[in-house]
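Have a look at the structure below, then the notes.
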Amino acid sequence: MQLDFRSLFFIFYVYGSVGCANILYLAGVASPSHGLWNFKLIEALASQGHNLTVLSVDKSKKPIKNAHIMDMQEIYSMVYGNEKYDIDEFIGMDVFSEIHSSFEFMYTFCNAIGKTDGFQTLLNYPDDFKFDLVIQDFTIVSCLAGFLHKFNYPPLINVSPYKYIIPHAETIGGHFYSSYIPRATSPFNVNMTLMQRTKNLIAETYEMIYRKYIFQPRFDKMVSSFYNIKNLPSSFDLSQKGVLTLLNIHPAIDFPVPLPPSVIEVGGLQISDPKPLPSDFENFIQKSKKGSVLISFGTNINSDIFGEKKQKMIIDVVKKFPDYHFLWKFEKDPSNGKVPNLLVTTWLPQNDILAHPKTKTFISHGGGLSTQEAIWHGVPVVAVPFFLDQNTNSYSLIVAGVATYVDIKKLTAKDLETALRTILEDPSYAERMKLQSFRFKQRPMKPLETALWWVNYVLKDPNPTHLRSPVIDLGYFKANSYDIILYAFTFLILLSYIIRHFVAYLSKLLNSKNSSQKMKLN
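Be aware that the sequence shown starts at 39, since it is given in our numbering, and climbs by one per residue.
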């Protein structure tokens, strides 16, 4: 009853304090996981009675009352087409290539966004159309921030389902200390060696310089062309006008980072209360003697790019654990239904399966949302990261002692079997994961409720200047006191120059006097 009362009080507070607002939600990142996370927040805001105009790369899986959705899903075919790519090209990519690749990906799909029907529909709205609030997914860069300018600058909230990364820090006026904050794509932890800190500093500095001086001018020129707005400010400058930021992070699962007061941690926002499993999944799990194992490599790793050799390895490992039943989310069944303890399906309710008491392990790529769901439900992980933040997510789990690691580049059936057997036979992994789960869940409100509270706060206080970070105005150079260091360094050089010349002059003067005295004596 206590929880029900709190929920009712929360709903009453929100409804009683804020009227129905007209909100523009810009979800312009071409990733199904981003779509899932954003629509969770969209649905919650709409359920409070707010009217939402949504421009999204992804479609909603169900109709949402109070939400007018303009999807840009043709982006996927425009950018990817029917082209198949080799996942091995992206595994083990060097840091500079990875930086270039990430920004080029954003450039490519943003270039396609301007050609979509959804974008053109919103662009044709009258400039004086009134929105009370704009919410945008600002991961890496935002090509939809121009709508903030078009609609005369309503308050802006930046959101991201991704980790805390350098472009986020630059946008929100945060700090990104390379001495203890690993880049989101590096397999480092907070206790880096001297060489790792050096690599981290070089990569972070290069990324900032590349983004600001090479990528951003080219990107802004392209974005301006399809808005058809004269003197459109830089997308980065527009995103910096955000008065609040919701980030999908939490100290129980992410390395600690210093955040300004305008940044609210809502890690796990997408996680719902578990629902009963469909009968086919429930029956399959219940038939297992010792429990079930979930296998899923996320939305970007499918049968076209996950080679047959790797598929066979997984099947061989499954056969060695007959007392466990394996559920594998995949586009086709490599076993042709001939392995009795393996169920391959194109879709499964991942959150609900992880919440099932008989689920013992999760073989995962280490994606951000999957990692959060595993921790929330207390399921240890066999981490098989492929690229990007999957490396850091997986490494943080390993450091916490709640996961084992398998190198996808050198994947063998023996490696996978050893990693899986370690989790299943050593209860300490499950015990430590229970502690992680406890820490992740213990907070005053659920993450989605926290996000809703702050969105409604901004509607009540559209210009919360007390939350704004001074770093935004200072800039990176001054905020890190590099100007003082440069001044001190210059002063020391000048001082050493003066002292050197003074000593030389004094020495010359003394030598001159000595010479004069010698001449007099002679």
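All C-beta atoms in this analysis are idealised placements derived from N, C-alpha and C, irrespective of residue type, glycine included.
G404 carries a coil assignment under DSSP once its states are collapsed to helix, strand and coil.
Taken through DSSP and simplified to helix, strand or coil, Q111 comes out as coil. Beta-bridge pairing by DSSP links L62 to T91 and V172.
The stretch 309-316 makes no contact with the stretch 84-95, as fewer than three CB pairs between them are under 8 angstroms. Taking I204 as the centre and dropping the five residues before and after it, the same chain places the C-beta of F214, R221, E242, E245, M246 and R249 closer than 8 angstroms to its C-beta, in chain order. In this structure, I195 lies away from L232, with their beta-carbon atoms at least 8 angstroms apart. Taking the Cα positions, S224 is about 11 angstroms away from P423. Per DSSP, Y443 is one residue of the beta strand (DSSP E) stretching across A441 to Y443. In this structure, the alpha-carbon of K516 lies about 47 angstroms from that of L449. Our two residues, F400 and V355, have alpha carbons roughly 14 angstroms apart in a direct line. Runs of alpha helix (DSSP H) with 4 or more residues, each lying fully within the stretch 292-377, are found at 317-324 and 346-357, listed in chain order. Scanning D96, N89 and T91 for the CA closest to the CA of S71 turns up D96.
Take the alpha-carbon of I522 and the one of N104: they are about 53 angstroms apart. Residue nearest to Y467 within the set K479, K452, E455 and A441 is A441 (criterion: CA-CA distance).
Scanning G345, K398, W385 and L386 for the CA closest to the CA of P372 turns up G345. Separation of D175 and D361 (C-alpha to C-alpha, rounded to the nearest whole angstrom) is 44 angstroms. K153 and R506 have their alpha carbons spaced roughly 35 angstroms apart. For the pair G405 and L276, the CB atoms are not nearer than the 8 angstroms cut-off. In its chain, beyond the 5 residues on either side, M144 and P205 have a beta carbon closer than 6 angstroms to the beta carbon of I178.
Excluding the 5 residues flanking it on each side, S262 has same chain C-beta neighbours closer than 6 angstroms at L270, in chain order. Between Q388 and S434, the CB-CB gap reaches or exceeds 8 angstroms. Secondary structure note for S262: its alpha helix (DSSP H) is the uninterrupted segment Q254 to Y265.
If only uninterrupted alpha helix (DSSP H) runs of at least 4 residues are considered, those enclosed by the stretch 138-213 are 155-161, 184-188 and 204-210. For the set I537, V382 and V493, the Cα lying nearest the Cα of G280 is the one of V493.
If you draw a straight line from the Cα of K268 to the Cα of I353, it comes to about 58 angstroms. Straight-line measurement puts the Cα of F529 at about 53 angstroms from the Cα of V117. In chain order, T177 place their CB closer than 6 angstroms to the CB of Y200, counting only its own chain and leaving out the 5 sequence neighbours on each side. If you look at V419, you'll find it in the beta strand (DSSP E) that goes V419 to A421.
DSSP, reduced to helix, strand and coil, places V133 within a helical segment of the structure shown. Annotated as distal: L392 and L365, with beta-carbon spacing of 8 angstroms or more. Under a 10 Å Cβ-count criterion, A59 is classified as buried, with 16 or more other Cβ atoms of the shown protein chains found around its own Cβ. Taking a C-beta distance under 8 angstroms as the contact criterion, G513 and R470 do not qualify as a contact pair. Around the beta carbon of I113, 16 or more other beta carbons sit within 10 angstroms, so the residue counts as buried. Judged by DSSP in its simplified three-state form, L386 adopts coil rather than helix or strand.
Here H394 carries a coil assignment [DSSP, helix/strand/coil]. With fewer than 16 other CB atoms across the displayed protein chains lying within 10 angstroms of its CB, F167 is exposed.
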